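Engineer: For the sequence shown, position 74 (counting from the first letter as 1) is numbered 182 according to our numbering, and the numbering increases by one without interruption.
For each residue, glycine too, the CB sits at the ideal point set by N, CA and C.
These numbers come from a predicted model, not from an experiment.
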Amino acid sequence: MREPLKKPLRSRDDIRAYLVRQLNDDKNPQERYADTRAAEAFGLLPKNFDLDPFLLDLMAEQIAGLYDPKTKEFYIADWISVPSKSR
């Protein structure tokens, strides 16, 4: 049965917390560390680059909305203006 999509507004902190949870669910810290060191070894990142905070800052800044399949909600960033429906 189809239901209307929930579209709550979320703050930057809420969205960042969601991204942190997703990052941790995707890979554990040791895997992320190994991936970062491998990227450094291939010259893709500068030496001792702290990738996790960089990625979180970038995503939190660029995301206007995202879908959470667990809660079946589409989070809308509260700092983005949403045009009203015209009749």
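1. I'd like to know if the segment 111-123 and the segment 170-188 are in contact, where contact means that at least 3 CB-CB pairs between them fall below 8 Å.
2. Roughly how many angstroms lie between the CA atoms of residue 111 and residue 141, to the nearest whole one?
3. Got a sec, what are the start and stop residues for the alpha helix (DSSP H) residue 169 sits in?
4. Compute the Euclidean distance between the alpha carbons of residue 129 and residue 164, then round it to the nearest angstrom.
5. What's the gap between the Cα of residue 137 and the Cα of residue 160?
6. Taking all protein chains shown into account, decide if residue 185 is buried (16 or more other Cβ within 10 angstroms of its Cβ) or exposed.
7. Count the other CB atoms, across all protein chains shown, that sit within 10 Å of the CB of residue 123; report buried if there are 16 or more and exposed otherwise.
8. For residue 157 versus residue 148, is the C-beta spacing smaller than 8 Å?
Structural biologist: Checking against the coordinates, here is how it stands:
1. Touching, per the Cβ criterion.
2. Locating residue 111 in the sequence shown gives position 3, counting from the first residue. Locating residue 141 in the sequence shown gives position 33, counting from the first residue. Spanning the two alpha carbons is a distance of roughly 41 Å.
3. Walking along the sequence shown from the start, residue 169 turns up at place 61. Going by DSSP, residue 169 is part of the alpha helix (DSSP H) stretching over 159-170.
4. If you number the sequence shown from 1, residue 129 lands on position 21. If you number the sequence shown from 1, residue 164 lands on position 56. Rounded to the nearest whole angstrom, the CA to CA distance from residue 129 to residue 164 is 11 Å.
5. Start at 1 with the first residue of the sequence shown, and residue 137 comes out as number 29. Start at 1 with the first residue of the sequence shown, and residue 160 comes out as number 52. So the alpha carbons of these two residues sit roughly 9 Å apart.
6. For this step, residue 185 is matched to residue 77 along the sequence shown. Flag for residue 185 reads buried.
7. Taking the sequence shown and counting its residues from 1, one reaches residue 123 at position 15. Taking every protein chain shown into account, the CB of residue 123 has 16 or more other CB atoms within 10 angstroms, so this residue is buried.
8. The sequence position of residue 157 within the sequence shown is 49, counting from 1. The sequence position of residue 148 within the sequence shown is 40, counting from 1. Result yes, Cβ atoms of residue 157 and residue 148 sit closer than 8 Å.
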